[in-house]
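K.L.:
Chains as they are written, first to last, in our numbering: chain A, 59 to 392; chain B, 59 to 392; chain C, 59 to 392.
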Amino acid sequence: MRHFLTTRDLTAAQFEALLNRGEEFRQGADSDALSGTHVGLVFFNPSLRTRVSMEVAVSRLGGTPVTLSVGSDAWAMEYRDGVVMDGPAAEHAREGAGVLGRYCDMLGVRSFPEGKDYEVDRREPVLNAFARYSGVPVINLESPLDHPCQAMADALTIREQLGKTTGRRVLLTWAYHPKALPMAVPNSFLLGAARLGVDLVLARPEGYELDVDVVRAAERLAAESGGALTVTDERDAVYEGVEVVYAKSWGALADYGEPEAEFTRRAKLRDWRVTEARMARGRNAIFMHCLPVRRNVVVDDAVLDGRRSVVLDEAENRMYAQQAILEWLASENR
Amino acid sequence: MRHFLTTRDLTAAQFEALLNRGEEFRQGADSDALSGTHVGLVFFNPSLRTRVSMEVAVSRLGGTPVTLSVGSDAWAMEYRDGVVMDGPAAEHAREGAGVLGRYCDMLGVRSFPEGKDYEVDRREPVLNAFARYSGVPVINLESPLDHPCQAMADALTIREQLGKTTGRRVLLTWAYHPKALPMAVPNSFLLGAARLGVDLVLARPEGYELDVDVVRAAERLAAESGGALTVTDERDAVYEGVEVVYAKSWGALADYGEPEAEFTRRAKLRDWRVTEARMARGRNAIFMHCLPVRRNVVVDDAVLDGRRSVVLDEAENRMYAQQAILEWLASENR
Amino acid sequence: MRHFLTTRDLTAAQFEALLNRGEEFRQGADSDALSGTHVGLVFFNPSLRTRVSMEVAVSRLGGTPVTLSVGSDAWAMEYRDGVVMDGPAAEHAREGAGVLGRYCDMLGVRSFPEGKDYEVDRREPVLNAFARYSGVPVINLESPLDHPCQAMADALTIREQLGKTTGRRVLLTWAYHPKALPMAVPNSFLLGAARLGVDLVLARPEGYELDVDVVRAAERLAAESGGALTVTDERDAVYEGVEVVYAKSWGALADYGEPEAEFTRRAKLRDWRVTEARMARGRNAIFMHCLPVRRNVVVDDAVLDGRRSVVLDEAENRMYAQQAILEWLASENR
Chain A
59 MRHFLTTRDL TAAQFEALLN RGEEFRQGAD SDALSGTHVG LVFFNPSLRT
109 RVSMEVAVSR LGGTPVTLSV GSDAWAMEYR DGVVMDGPAA EHAREGAGVL
159 GRYCDMLGVR SFPEGKDYEV DRREPVLNAF ARYSGVPVIN LESPLDHPCQ
209 AMADALTIRE QLGKTTGRRV LLTWAYHPKA LPMAVPNSFL LGAARLGVDL
259 VLARPEGYEL DVDVVRAAER LAAESGGALT VTDERDAVYE GVEVVYAKSW
309 GALADYGEPE AEFTRRAKLR DWRVTEARMA RGRNAIFMHC LPVRRNVVVD
359 DAVLDGRRSV VLDEAENRMY AQQAILEWLA SENR
Chain B
59 MRHFLTTRDL TAAQFEALLN RGEEFRQGAD SDALSGTHVG LVFFNPSLRT
109 RVSMEVAVSR LGGTPVTLSV GSDAWAMEYR DGVVMDGPAA EHAREGAGVL
159 GRYCDMLGVR SFPEGKDYEV DRREPVLNAF ARYSGVPVIN LESPLDHPCQ
209 AMADALTIRE QLGKTTGRRV LLTWAYHPKA LPMAVPNSFL LGAARLGVDL
259 VLARPEGYEL DVDVVRAAER LAAESGGALT VTDERDAVYE GVEVVYAKSW
309 GALADYGEPE AEFTRRAKLR DWRVTEARMA RGRNAIFMHC LPVRRNVVVD
359 DAVLDGRRSV VLDEAENRMY AQQAILEWLA SENR
Chain C
59 MRHFLTTRDL TAAQFEALLN RGEEFRQGAD SDALSGTHVG LVFFNPSLRT
109 RVSMEVAVSR LGGTPVTLSV GSDAWAMEYR DGVVMDGPAA EHAREGAGVL
159 GRYCDMLGVR SFPEGKDYEV DRREPVLNAF ARYSGVPVIN LESPLDHPCQ
209 AMADALTIRE QLGKTTGRRV LLTWAYHPKA LPMAVPNSFL LGAARLGVDL
259 VLARPEGYEL DVDVVRAAER LAAESGGALT VTDERDAVYE GVEVVYAKSW
309 GALADYGEPE AEFTRRAKLR DWRVTEARMA RGRNAIFMHC LPVRRNVVVD
359 DAVLDGRRSV VLDEAENRMY AQQAILEWLA SENR
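Printed below as a string of structure tokens:
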């Protein structure tokens with residue numbers, strides 16, 4: 059069974075083929091790859107972009123989306139084995155995912171981290187339970203560690219904007235935000251951009267290191283694609299000569315599960331913001347963000363509303379990337 | 059870009075053409091005007107009739123509805139420019155509406171008034187943000203000031219029931235209700251009915267005046283169509299000789315944002331109710347209401363269950379009116 | 059107007075024909091019986107299996123589902139006649155159901171019991187209001203007393219697993235669960251299985267009697283089909299020689315509306331659990347449950363994960379049973 063849980067599982071050729079197909083969809087390619095099929099979209103957490111872009115992508119391929127917005131309270135799901143289920147969880151993933159797999163031909167799953175114990179969250183228990191028990195192909199619509207549909211859309215956008223990507227300088231910079239957000243997007247961006255042969259720079263304050271396995275995987279992928287990954291806690295000079303600025307906030311791994319300590323650490327970092335002055339140090343750099351974005355907190359209006367902001371194109375590319383992913387899964391699992 | 063935000067934007071010929079087309083849909087006309095398109099339906103507030111009638115209308119035209127029921131809490135959206143977004147709003151309408159416009163070919167938006175400051179609400183900030191930033195045609199599914207789909211359904215219903223409308227006497231009467239409701243429906247009814255050449259009477263207690271701009275616009279439209287608009291605070295004699303009774307409750311403009319004062323004012327007005335005795339003063343008058351309606355509070359059972367009640371036909375006409383509106387927007391924006 | 063409110067309304071021939079057609083759908087039969095139609099699915103209570111299996115069933119028949127997840131809070135609906143509606147309910151079923159019937163060609167309704175007064179709940183006020191006022195065929199998606207779609211799926215599953223059913227021994231056993239659940243599933247299972255000519259045994263603790271009318275109807279149906287129904291409070295020996303074990307928990311009728319008394323009664327019944335030892339007394343019995351199921355509370359892992367557990371097949375049969383029901387209603391009401 060072929061799933062789409064992370065871009066890490068893809069060979070270089072598969073990754074490249076998905077991007078090429080995504081570009082064809084952007085240019086208007088037709089496909090009825092999902093004709094007569096039903097794709098369940100299970101949201102344990104709220105979603106706007108992912109939900110709408112997936113529903114439209116499924117529909118454009120001739121399929122029928124079936125969306126379930128389940129609150130984590132409304133449908134607490136047990137995923138551990140051997141448990142006596144006399145607590146809040148009324149259903150085990152073996153049955154919950156198993157049943158959905160009987161009704162749907164494919165399943166998309168969004169499940170955020172609990173944010174208490176990193177060792178639990180990094181195993182992505184809900185996503186993996188669906189992959190294990192549903193009996194159908196599963197697409198990750200954002201898990202604790204990864205957001206591979208976003209990664210594909212981001213890579214599509216960089217190729218769309220820059221053309222040839224080898225050797226171009228790409229900055230992923232942490233940004234201030236009032237809340238400690240998940241790490242799925244920076245992780246997945248790193249893993250996707252590292253495939254493009256770019257000179258990739260990750261800038262984040264002390265304590266905001268990303269998962270060490272993810273960073274090592276990105277380093278390896280960067281090397282394989284003829285690029286490189288550098289990590290720094292510098293927040294100004296890193297803009298020098300970059301052609302892509304990707305901003306994102308996330309919570310401090312150093313304070314995982316300790317919101318007060320995280321809040322104190324974060325409070326001093328309000329200056330990690332994308333400004334016109336910083337952008338001016340780049341080489342006519344485009345500005346990227348996965349959205350939603352807090353204006354004048356993460357990035358200044360002048361940058362976001364400027365002519366080098368490509369955030370809406372990036373969001374639109376979600377749809378094309380997902381069409382490519384859905385079509386590929388349908389063909390691989392035929 | 060042609061939107062459908064209020065019937066005020068329509069010429070007399072456009073209004074007439076939409077009603078004619080609505081009648082054709084009621085008689086079973088087919089259309090695939092939305093074939094291959096996706097229509098996003100964004101509800102910042104709950105909806106039953108509007109949501110189902112829009113989903114079915116889109117589907118009957120060959121399109122695919124994508125419904126988003128976003129609580130105002132769940133997805134607070136900033137619409138002011140230049141704000142530092144470190145409060146509850148995680149997304150600005152520029153991005154929120156902009157992204158949805160990339161995925162959908164058309165958007166419907168429901169956004170009720172906040173009910174605090176009339177000067178804010180009457181600018182219809184959320185609806186206008188969608189019209190400005192989404193890049194696609196926007197349909198108003200009820201805003202603080204207007205409910206133009208209801209207005210078209212109401213006009214369709216009056217024509218269906220009365221045939222020739224010129225010179226017929228139509229009463230819009232305020233009614234008691236335990237809560238202070240928005241003014242969108244009475245506003246939009248006035249603006250729509252004023253197009254029909256009828257002798258229109260608005261009866262409401264002191265303090266329950268409607269927006270002065272709306273009333274002036276309705277007076278002008280009534281004059282243009284050969285009819286007239288009269289306003290009164292009389293609640294009994296106004297039924298004399300009417301052929302249409304349209305009942306609706308709304309909050310006192312005089313007490314906007316002051317719920318306790320409004321409650322006190324309202325408490326004395328329980329007798330503003332549609333009874334059989336009042337209906338008997340009309341000329342075999344039909345009874346209309348946009349629904350939902352509180353029985354024996356707004357209107358007596360005997361009237362609502364009587365043979366001159368057309369509330370279900372009126373609700374059914376929502377679907378046909380919306381088919382006409384959707385088809386027209388698709389053709390105007392091709 | 060033909061509805062599908064309970065299997066009790068079906069003749070033996072109709073019941074048999076629905077099962078046969080369900081089997082054809084399981085074997086891949088095609089049908090476009092709902093082509094061009096819209097089926098409203100109204101959930102006053104949460105749903106996973108029923109919602110997804112109905113959406114897919116409608117879609118497989120060429121129809122378009124329109125799902126409404128209305129919280130009982132969000133859309134309290136009055137169903138009593140003659141009431142002055144100045145309380146929480148903003149809409150009466152006459153209008154709520156009436157309007158939905160104007161938009162949709164068929165309606166499915168889920169409405170759980172309130173759990174306060176059994177005399178109120180057993181009249182199934184919300185379901186019956188929809189049947190009376192909507193003007194279109196109504197399918198019961200679980201009411202206080204009945205879950206007839208589940209009953210059809212259960213009967214399909216027994217036939218699928220056992221082949222010829224006459225004279226086979228089938229056990230419906232109460233099981234412990236931390237909450238007092240509704241009785242719709244055990245009722246509907248009894249009424250459905252009684253049609254199969256089986257030797258049916260109902261085992262439940264004292265106080266957990268099922269509705270006397272339901273039990274009598276099941277006895278009569280069992281007799282008509284050449285089988286029999288026995289009721290006992292034995293929890294071990296009843297497994298002797300059975301070929302089907304159907305486990306389900308429900309609240310004590312003896313303590314209806316008195317949760318503390320029910321909790322006290324229930325607390326002593328933790329041993330009513332399906333274990334391997336109990337299953338071993340049967341004749342290679344299959345294990346059935348409507349799901350969701352609490353592992354190691356209602357049934358042990360070893361049974362649920364064993365090769366005689368058919369719970370996922372049973373859930374899958376919901377889809378085929380519902381296709382048969384939808385197709386039948388469409389043809390009966392044409």
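Think of the CB as a built atom: it goes at the ideal place given N, C-alpha and C, for glycine as much as any other residue.
Please read these numbers as outputs of a predicted model, since none were measured by experiment.
In chain A, which residues lie with their C-beta within 9 angstroms of the C-beta of arginine 323 of chain C?
P.N.:
Going along chain A, no residue has its Cβ under 9 angstroms from arginine 323 of chain C, so there is no contact; the nearest lies around 17 angstroms.
K.L.:
Three Cβ pairs or more, each shorter than 8 angstroms: is that satisfied between the stretch 318 to 327 of chain C and the stretch 217 to 231 of chain C?
P.N.:
Output reads no: the stretch 217 to 231 of chain C does not touch the stretch 318 to 327 of chain C.
K.L.:
Just tell me which of C:Val194, C:Gly98, C:Val270 and C:Leu185 has its CA closest to the CA of histidine 205 of chain C.
P.N.:
Nearest C-alpha to histidine 205 of chain C: C:Leu185.
K.L.:
Considering just the uninterrupted stretch of the beta strand (DSSP E) at tyrosine 234 of chain A, what are its terminal residues?
P.N.:
Neither: tyrosine 234 of chain A is in no beta strand (DSSP E) and is coded neither H nor E.
K.L.:
Run through chain B and tell me which residues come within less than 7 angstroms of alanine 148 of chain C, C-beta to C-beta.
P.N.:
Here the neighbours are Pro350 and Arg352.
K.L.:
Can you round the beta-carbon distance between glutamate 200 of chain A and alanine 238 of chain A to whole angstroms, since I take them to be within the 8 angstroms contact cut?
P.N.:
Contact doesn't hold; Cβ gap of about 16 angstroms is too wide.
K.L.:
Taking 8 angstroms as the CB-CB limit, is serine 89 of chain B close to chain C?
P.N.:
No, its Cβ sits nowhere closer than 8 angstroms to a Cβ of chain C.
K.L.:
The alpha helix (DSSP H) that contains methionine 337 of chain C, what's its start and end?
P.N.:
Where methionine 337 of chain C is concerned, the enclosing alpha helix (DSSP H) stretches over 334 to 338.
K.L.:
Please determine, among A:Pro350, A:Ala134 and A:Leu362, the residue with the shortest C-alpha to C-alpha distance to valine 100 of chain A.
P.N.:
Measuring from the Cα of valine 100 of chain A, the nearest candidate turns out to be A:Ala134.
K.L.:
Since tyrosine 304 of chain B sits in a beta bridge, which residues does DSSP pair it with?
P.N.:
Its beta-bridge partners are B:Leu230 and B:Met346.
K.L.:
Would you please state the rounded distance, in angstroms, between the beta carbons of alanine 275 of chain C and alanine 213 of chain C? I believe it to be under 8 angstroms.
P.N.:
With 8 angstroms as the limit, alanine 275 of chain C and alanine 213 of chain C do not qualify as a contact, their Cβ atoms being about 15 angstroms apart.
K.L.:
Which residues, in chain order, does the stretch 336 to 370 of chain C contribute to contact with chain A at a C-beta distance below 7 angstroms?
P.N.:
Answer in chain order: Leu349, Pro350, Val351, Arg352, Arg353, Asn354, Val355, Asp359, Val369 and Leu370.
K.L.:
Going by beta-carbon coordinates alone, are valine 259 of chain B and threonine 288 of chain B separated by less than 8 angstroms?
P.N.:
Yes; because the gap between Cβ atoms is below 8 angstroms, this pair is in contact.
K.L.:
What residue from C:Asp88, C:Ala343, C:Asp294 and C:Met112 has the CA that sits closest to arginine 227 of chain C's CA?
P.N.:
The residue with the shortest Cα to Cα distance from arginine 227 of chain C is C:Ala343.
K.L.:
Kindly indicate which three-state DSSP category valine 270 of chain A falls into: helix, strand or coil?
P.N.:
Residue state, collapsed to three classes: helix.
K.L.:
Starting from alanine 319 of chain B, follow the alpha helix (DSSP H) in both directions and report where the run begins and ends.
P.N.:
317 to 325 is the extent of the alpha helix (DSSP H) around alanine 319 of chain B.
K.L.:
Kindly indicate the opening and closing residues of the beta strand (DSSP E) around alanine 286 of chain A.
P.N.:
Alanine 286 of chain A -> beta strand (DSSP E) spans 286 to 290.
K.L.:
Can you have a look at glutamine 85 of chain B and say buried or exposed, based on whether 16 or more other CB atoms are within 10 angstroms of its CB?
P.N.:
Its Cβ having fewer than 16 others within 10 Å, glutamine 85 of chain B is exposed.
K.L.:
Would you verify that the beta carbon of valine 157 of chain C is, or is not, closer than 8 angstroms to some beta carbon of chain B?
P.N.:
Yes, its Cβ sits closer than 8 angstroms to a Cβ of chain B.
K.L.:
For the stretch 76 to 84 of chain A against the stretch 344 to 363 of chain A, are there 3 or more C-beta pairs whose distance is under 8 angstroms?
P.N.:
No, because fewer than three Cβ pairs between the stretch 76 to 84 of chain A and the stretch 344 to 363 of chain A fall closer than 8 angstroms, the two stretches do not touch.
K.L.:
Short check: CB of tryptophan 232 of chain C to CB of lysine 306 of chain C, under 8 angstroms?
P.N.:
For tryptophan 232 of chain C and lysine 306 of chain C, yes; Cβs fall inside 8 angstroms.
K.L.:
If you reduce the DSSP assignment to three classes, tell me which class aspartate 131 of chain A lands in.
P.N.:
With a pLDDT of 47 at aspartate 131 of chain A, under the threshold of 50, the modelled position of that residue is not reliable, and no figure is offered here.
K.L.:
Within a Cβ cutoff of 6 angstroms, which residues of the same chain sit near serine 127 of chain A, ignoring the five residues on either side of it in sequence?
P.N.:
For serine 127 of chain A, where only same-chain residues beyond five positions count, the Cβ hits under 6 angstroms are Phe101.
K.L.:
Within its chain, find whatever has a CB closer than 7 angstroms to the CB of arginine 42 of chain B; leave out the 5 residues flanking it on each side and keep chain order.
P.N.:
The structure shown does not extend to residue 42 of chain B, since chain B is modelled only from 59 to 392, so the question has no answer here.
K.L.:
Considering Cα atoms alone, identify which of A:Ala281, A:Arg339, A:Tyr304 and A:Asp271 is closest to arginine 262 of chain A.
P.N.:
The candidate whose alpha carbon is nearest that of arginine 262 of chain A is A:Tyr304.
K.L.:
Could you compute how far the alpha carbon of glutamate 182 of chain B sits from the alpha carbon of proline 104 of chain A?
P.N.:
Roughly 26 angstroms separates the two Cα atoms.
K.L.:
How should serine 130 of chain A be labelled, buried or exposed, when 16 other C-beta atoms within 10 angstroms of its C-beta is the threshold for buried?
P.N.:
Only weak support exists for where serine 130 of chain A lies, its pLDDT of 48 falling under 50; the value from the coordinates is given anyway. Flag for serine 130 of chain A reads exposed.
K.L.:
Check the Cβ-Cβ distances between aspartate 131 of chain B and every residue of chain C, and say whether any is below 8 angstroms.
P.N.:
Any reading at aspartate 131 of chain B must be qualified, since the residue scores a pLDDT of 46, below 50, and its modelled position is unreliable; the value itself is stated next. Judged by the 8 angstroms Cβ criterion, aspartate 131 of chain B is not in contact with chain C.
K.L.:
Just to confirm the assignment: which complete beta strand (DSSP E) runs, minimum length 3, are found wholly within the stretch 148 to 204 of chain A?
P.N.:
Runs found: 164 to 168 and 196 to 198.
K.L.:
Is there a C-beta anywhere in chain C that falls below 8 angstroms from the one on threonine 122 of chain A?
P.N.:
For threonine 122 of chain A, the answer is yes, since a Cβ of chain C falls inside 8 angstroms of its Cβ.
K.L.:
Here's the rule: buried if 16 or more other CB atoms are within 10 angstroms of the residue's CB, otherwise exposed. What is alanine 71 of chain A?
P.N.:
With fewer than 16 other Cβ atoms within 10 Å, it is exposed.
K.L.:
Check whether the Cβ atoms of aspartate 269 of chain B and arginine 180 of chain B sit closer than 8 angstroms, and answer yes or no.
P.N.:
Against a cut-off of 8 angstroms, the Cβ pair of arginine 180 of chain B and aspartate 269 of chain B comes out as a contact.
K.L.:
Hey, could you find the ends of the alpha helix (DSSP H) alanine 261 of chain C is sitting in?
P.N.:
Where alanine 261 of chain C is concerned, there is no enclosing alpha helix (DSSP H), although the beta strand (DSSP E) it sits in stretches over 257 to 261.
K.L.:
Measuring straight from C-alpha to C-alpha, what distance separates leucine 92 of chain B and glycine 140 of chain A?
P.N.:
Whole-angstrom Cα-Cα distance: 52 angstroms.
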